[in-house]
Amino acid sequence: MSEFKLTTVEEFEAATERLLENGAKVGADSWQMRVKNQTPHCKFGESGACCRICSMGPCRITAKSPRGICGCDIHGIVGRNYLKFTAGGAATHSDHGREICHTLYESAADGNYKVKDPEKLIRIAKEWDIETEGKDIYDLAHEVAEAGLMEYGKPFGFQRFLKRAPKHTQEIWEREEIAPRAIDREVASSLHMTHMGCSSKPEALIRQALRAGLCDGWGGSMMGTEFSDVLFGTPKEMETEANLGVMVEENVNIVVHGHDPSLSEMICEYADDPEMIAYAKEKGAQGITVSGVCCTSNEVAMRRGIPMAGNFLQQENVVLTGACEAIVVDVQCIFPALGPLSKCFHTKFITTSPIAQMPESEFIRFNSHTAGENAKAIVKAAIENFPNRKKELVHIPDLKQKATVGYSVEQIVKKLDGVTNSQVDELGTTKPLIECIVSGVLRGAVAMVGCNNPKVRPDAAHISLMKKLIANDIVLIVSGCSAQAAAKAGLMDKRAKDLCGAGLKRVCELADIPPVLHMGSCVDISRMLILAAELSKDSGLNISQLPVVGCAPEWMSEKAVSIGNYVVASGLDTYLGVEPYASGSSEITGLLTGGVKDWVEACYTVETDIDKLGDLMIEKIEEKRTAIGI
Ligand code: BF8
Ligand code: SF4
Numbered sequence: 009m010s011e012f013k014l015t016t017v018e019e020f021e022a023a024t025e026r027l028l029e030n031g032a033k034v035g036a037d038s039w040q041m042r043v044k045n046q047t048p049h050c051k052f053g054e055s056g057a058c059c060r061i062c063s064m065g066p067c068r069i070t071a072k073s074p075r076g077i078c079g080c081d082i083h084g085i086v087g088r089n090y091l092k093f094t095a096g097g098a099a100t101h102s103d104h105g106r107e108i109c110h111t112l113y114e115s116a117a118d119g120n121y122k123v124k125d126p127e128k129l130i131r132i133a134k135e136w137d138i139e140t141e142g143k144d145i146y147d148l149a150h151e152v153a154e155a156g157l158m159e160y161g162k163p164f165g166f167q168r169f170l171k172r173a174p175k176h177t178q179e180i181w182e183r184e185e186i187a188p189r190a191i192d193r194e195v196a197s198s199l200h201m202t203h204m205g206c207s208s209k210p211e212a213l214i215r216q217a218l219r220a221g222l223c224d225g226w227g228g229s230m231m232g233t234e235f236s237d238v239l240f241g242t243p244k245e246m247e248t249e250a251n252l253g254v255m256v257e258e259n260v261n262i263v264v265h266g267h268d269p270s271l272s273e274m275i276c277e278y279a280d281d282p283e284m285i286a287y288a289k290e291k292g293a294q295g296i297t298v299s300g301v302c303c304t305s306n307e308v309a310m311r312r313g314i315p316m317a318g319n320f321l322q323q324e325n326v327v328l329t330g331a332c333e334a335i336v337v338d339v340q341c342i343f344p345a346l347g348p349l350s351k352c353f354h355t356k357f358i359t360t361s362p363i364a365q366m367p368e369s370e371f372i373r374f375n376s377h378t379a380g381e382n383a384k385a386i387v388k389a390a391i392e393n394f395p396n397r398k399k400e401l402v403h404i405p406d407l408k409q410k411a412t413v414g415y416s417v418e419q420i421v422k423k424l425d426g427v428t429n430s431q432v433d434e435l436g437t438t439k440p441l442i443e444c445i446v447s448g449v450l451r452g453a454v455a456m457v458g459c460n461n462p463k464v465r466p467d468a469a470h471i472s473l474m475k476k477l478i479a480n481d482i483v484l485i486v487s488g489c490s491a492q493a494a495a496k497a498g499l500m501d502k503r504a505k506d507l508c509g510a511g512l513k514r515v516c517e518l519a520d521i522p523p524v525l526h527m528g529s530c531v532d533i534s535r536m537l538i539l540a541a542e543l544s545k546d547s548g549l550n551i552s553q554l555p556v557v558g559c560a561p562e563w564m565s566e567k568a569v570s571i572g573n574y575v576v577a578s579g580l581d582t583y584l585g586v587e588p589y590a591s592g593s594s595e596i597t598g599l600l601t602g603g604v605k606d607w608v609e610a611c612y613t614v615e616t617d618i619d620k621l622g623d624l625m626i627e628k629i630e631e632k633r634t635a636i637g638i
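Residue numbers (this note's numbering): 9 to 638.
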């Protein structure tokens, strides 16, 4: 086996530089150039001090003009902006979950979508008091999907999955009046509250921001994850590779980008079709390579081992290789820049969802009834584009790392049983993991999630923090673009155990896992909630007492704020490396970084000095250990 070495951020950057030279030859624009045009950013926007929710404004708060025309002060304005931001994220994740519910509803024994994990479906049905006995699995799937869809608009009651949380957490939500009701209601109520002349009281706005986050984490996202598992299989340990070097020069390269596995799964299916492979050969290629960008990449990597071409700020790079026949997108985190950029190359930029339509793209509407046909048409279009490559522009950086992925909660529990060989029931327990933590072999865990953001040197924060934490015997569970940063660096290669402290290294050896565990896409942060809930139940500790924290060092999206809110509201302290637009208000900042602790036993820490952010997390984990006497 060749000697193992992490890929450095400098190497990532050198590869990007070379690709940007490629772009310069054809007059391509890039995010690196646009960042220069957009900085410095507007200070009012950055601090959350600008209000434009009614046409008397926009009102900008300064020392000289401390109130908007309606009389709203800085705290009301910042708080409203924060709640709107959260509602955007909750809506987005949850609508993704809704699409998956619809896909489940369309599943059929002879259809495009099948039930791949019937046990999980039955488990969820039982949990939701849906009769399973003697039912055809597809009848059951439809019934469960319909019940899931009702979670979006039911007039009474709370989210069904809240019952998965420990009793103590449920009591907190009830006491603080933040238990989420119907998902659409929480999003709509948030927008109602932030309308001109409604809420301007910081406590009320932040409370609703937590509630809207919770409807995402324990509602829409959790359904998105669970039903994706039912449809496409619950992830199991899987070998794959990451970084641009996974694209293959001799092959037709199709890059899937976005979030909804209903599309990417179908593309993978058809790219594997012998008829399509033969067609690719006919067009002069040796085969077809599907790789991914952003969360959809995580989805198909976790279930099929499809390689990950990169994360958020690498999406333009795949086109800049000159070897991408088609970049096929569904929803979320897609740069509109891909339209004009793809025109500089031969790449087809194919949009597929009415939710994400963009200029200069080819729109092939994808839906569950015609999914097979649509996917076939897309794969065919990519193949037919292969002869249009401009050979002089083709450059695929020779950069990739091996990664072992697929760590659903089920898989983590199973793997860690190997460490202590505890007696386990059907689904296993988290007790072996707890034993590792109690004995101090592992000091704790960090759930690292989120995006890239040009405000932080891309991937550098994720990677440096992960290296620091594993060296301190802290295991990482990761998702989203954070996971891809880890994979590109090599931290998901099992040989990365040598970078760990002695305790974590031992666990990695015994359980045969890498020190950084890929739990999936951003909706899969719901897996982390379930893991935290199980750890709490199995240990008898409250979630907030566990030596576990959340971290998003390079976050950028509304979804990330929604996630942060549900992670905090579930009792996990959360560390951010990028400021939310809240610094304009001492009261909102005070609530987020302290006050909410009185409600939900956790809060945010914002620290843009990434090294310090790492120290703060380690301190917090040690503090929690001391508090529970371990
Ligand atoms: O949902 S981590 S840049 S791809 S928002 Fe987007 Fe951020 Fe990536 Fe996935 Ni999540
Ligand atoms: Fe200005 Fe008030 Fe209108 Fe906001 S709601 S724009 S602060 S007048």
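Ideal Cβ positions, reconstructed from N, Cα and C, are used throughout, including at glycine.
I'd like to confirm the pairing. Which residues does DSSP put opposite ARG75 in its beta bridges? ASP81
Beta carbon proximity, ASN325 to chain C, threshold 9 Å: This model lacks chain C altogether; it includes just one protein chain.
Compute the distance between the beta-carbons of LYS263 and MET255, then report whether it is under 9 Å. Looking at the sequence provided, one finds Val at residue 263 rather than Lys. In this structure, MET255 lies closer than 9 Å to VAL263 by Cβ.
Where the alpha helix (DSSP H) containing HIS150 begins and where it ends: 145 to 158
So, with DSSP's three-state summary, where would you put PHE357? strand
Using beta-carbon positions only, say whether LEU157 and CYS109 come within less than 9 Å of one another. yes
From GLY31, GLU19, GLU18, residue whose alpha carbon lies closest to that of HIS403: GLY31
Can you list, in chain order, the residues of its chain with a C-beta nearer than 7 Å to that of ALA217? Leave out the 5 residues immediately preceding and following it. TYR90, LEU91, THR94, ASN573
What residues in its chain sit with their C-beta under 8 Å from that of ASP118, if we drop five residues either side in the sequence? none
How long is the line joining the alpha carbons of VAL86 and VAL556, rounded to whole angstroms? 29 Å
Measure from the alpha carbon of SER270 to the alpha carbon of each residue in CYS611, ALA497, LYS567, THR111, then state which is nearest. THR111
Just to check, is the beta-carbon of ILE85 closer than 8 Å to a non-hydrogen atom of ligand 2? yes
Looking at the unbroken alpha helix (DSSP H) that takes in LYS13, where does it start and where does it end? That residue, LYS13, is in no alpha helix (DSSP H); it is neither H nor E in DSSP.
contact_flag[the segment 530 to 541, the segment 487 to 500] where n(CB pairs < 8 Å) is 3 or more: yes
My output table needs one value for GLY205: the three-state DSSP class, helix, strand or coil. coil
The alpha helix (DSSP H) spanning LYS496 covers which residue range? 488 to 497
For review: beta carbons within less than 7 Å of any heavy atom in ligand 2: CYS59, ARG60, ILE61, CYS62, MET64, GLY65, PRO66, CYS67, GLY76, ILE77, CYS78, CYS80, ILE85, MET204
Closest to ILE132 by C-alpha separation, out of CYS611, GLY205, GLY232, would be which residue? GLY232
Would you kindly work out how many angstroms separate the C-alpha atoms of ALA196 and ALA293, rounded to a whole number? 50 Å
Going by beta carbon distance, what residues of the same chain come within less than 6 Å of GLN553, once the five residues before and after it are set aside? ILE636
Nearest-angstrom Cα distance between ILE358 and PHE371? 6 Å
For the putative contact between ASN261 and GLU333, defined by C-beta atoms under 8 Å, what is the C-beta separation to the nearest angstrom? 6 Å
Please report the distance separating the alpha-carbon of LEU621 from that of CYS559. 9 Å
Is it buried or exposed for PHE374, if we count other Cβ within 10 angstroms and need 16 for buried? buried
Is ASN319 near ligand 1, in the sense that its beta carbon is under 8 Å from a heavy atom of that ligand? yes
Out of ASN460, MET316, SER115, MET310, point me to the one whose CA is closest to GLN409's CA. MET316
Put ASN375 into one of helix, strand or coil per three-state DSSP. coil
Through-space distance from GLN167 to GLY227, alpha-carbon basis: 6 Å
Tell me whether the beta-carbon of GLY330 lies closer than 9 Å to the beta-carbon of LEU401. yes
N- and C-terminal bounds of the beta strand (DSSP E) containing LYS51: No beta strand (DSSP E) holds LYS51; the alpha helix (DSSP H) holding it covers 51 to 55.
Nearest to THR304 by alpha carbon, out of ASP338, LEU328, ASP103? ASP338
Contacts around LEU129, its chain only, beta-carbon distance under 8 Å, and the 5 residues preceding and following it disregarded: VAL123, ILE145, LEU148, ALA149, VAL152, VAL238
So what does GLN639 bridge to, in DSSP terms? Residue 639 lies beyond the residue range present for the chain, which begins at 9 and ends at 638; the question has no answer from this structure.
Quick check on ILE314: does DSSP put it in helix, strand or coil? coil
Could you please give me the residues that DSSP links to THR297 through a beta bridge? ASN261
ILE342: first and last residue of the uninterrupted beta strand (DSSP E) it sits in: Element bounds for ILE342: n/a, residue is neither H nor E.
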